[in-house]
Amino acid sequence: MTRPKGSWQTETKLWQVVILRIFFGYYFFQDGLGKLTGGFTGPGVLEKWLTTKAADAFGWYKPFLDSVVVPHHQLLAAVVAWGMTLTGLALLCGLLTRPAALGGIFMALNFYLAKGGGSPATTSDQAFMVGLLVVFLTRSGRSFGLDRWLVRRYPDSPLW
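When you read off a place in the sequence shown, starting at 1, and then add 29, the result is the number in this note's numbering.
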């Protein structure tokens, strides 16, 4: 007798969410690549941005920026640039879509907190968080992506 499949083991047919996933993947990949090649990882670039633009950061988030992010700005600039590039690539390919969506949500949340919530740019961060949550919950990598083959090979993994 065969065991019935749980909802986490079935392929999703939500091709509309695939369009959303590819949009986010393209954005993250392009932005990350731009950061890698455009000097964002250069000396002092993130530090300058944080000291000028992050003045509006949420009050409880400012000590984190001042004590952790600013002193390690060089390392974190590289982490952000590579994180955005790899997240975008994973979302575009539909490979490890759920961890990539969580990574995107984490980055968008930190960008939102650093900007403070008052500017129009924070609205796009909020939209990205909601959109990536939809991508995470619907497992859109199973419709048109490499996660489709991973779920067939390893059906019990929560990663896809």
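All C-beta atoms in this analysis are idealised placements derived from N, C-alpha and C, irrespective of residue type, glycine included.
Cβ-based neighbour list, residue i, same chain, cut-off 6 Å, excluding 5 preceding and 5 following
{"i": "Ala130", "result": "Leu161, Val164, Phe165"}
{"i": "Arg50", "result": "Leu120, Val164, Ser169"}
{"i": "Leu75", "result": "His102, Ala106"}
{"i": "Gly54", "result": "Gly117, Leu120, Leu121"}
Span separating the alpha-carbon of residue i from that of residue j
{"i": "Thr66", "j": "Ser186", "result": "35 Å"}
{"i": "Gly117", "j": "Ala110", "result": "11 Å"}
{"i": "Gly147", "j": "Tyr141", "result": "9 Å"}
{"i": "Gln155", "j": "Asn139", "result": "11 Å"}
{"i": "Met30", "j": "Val180", "result": "At Met30, the pLDDT of 49 sits below 50, so the modelled position is not reliable; the number obtained from the coordinates is stated separately. Going from the Cα of Met30 to the Cα of Val180 covers about 21 Å."}
{"i": "Pro184", "j": "Thr81", "result": "48 Å"}
{"i": "Asp176", "j": "Val159", "result": "21 Å"}
{"i": "Ile48", "j": "Val97", "result": "36 Å"}
{"i": "Phe52", "j": "Thr152", "result": "17 Å"}
{"i": "Phe157", "j": "Leu115", "result": "17 Å"}
{"i": "Pro27", "j": "Lys77", "result": "Examination of residue 27 is not possible in this model, given that the chain is present from 30 through 189 alone."}
{"i": "Pro149", "j": "Arg182", "result": "44 Å"}
From the options, residue whose alpha carbon lies closest to that of residue i
{"i": "Tyr56", "options": "Gly133, Val99, Gly68", "result": "Gly133"}
{"i": "Val99", "options": "Val159, Pro72, Tyr183", "result": "Pro72"}
{"i": "Arg127", "options": "Ile48, Arg171, Arg181, Tyr183", "result": "Arg171"}
{"i": "Trp89", "options": "Trp189, Gly174, Gly145, Arg181", "result": "Gly145"}
{"i": "Trp189", "options": "Ser153, Pro149, Gly123, Val97", "result": "Gly123"}
Own chain, CB closer than 7 Å to residue i, minus 5 neighbours either side, in chain order
{"i": "Met113", "result": "Phe57, Asp60, Gly61, Lys64, Met136"}
{"i": "Gly174", "result": "Cys122, Gly123, Leu124, Thr126"}
Per-residue burial, residue i [other beta carbons within 10 Å of its own, 16 or more giving buried]
{"i": "Ala84", "result": "exposed"}
{"i": "Leu125", "result": "buried"}
Beta-carbon contacts of residue i that lie in its chain and below 8 Å, excluding the five residues immediately before and after
{"i": "Leu94", "result": "Leu79, Ala83, Ala86, Ala143"}
{"i": "Phe69", "result": "Gly63, Leu75, Ala106, Val109, Ala110"}
{"i": "Trp178", "result": "none"}
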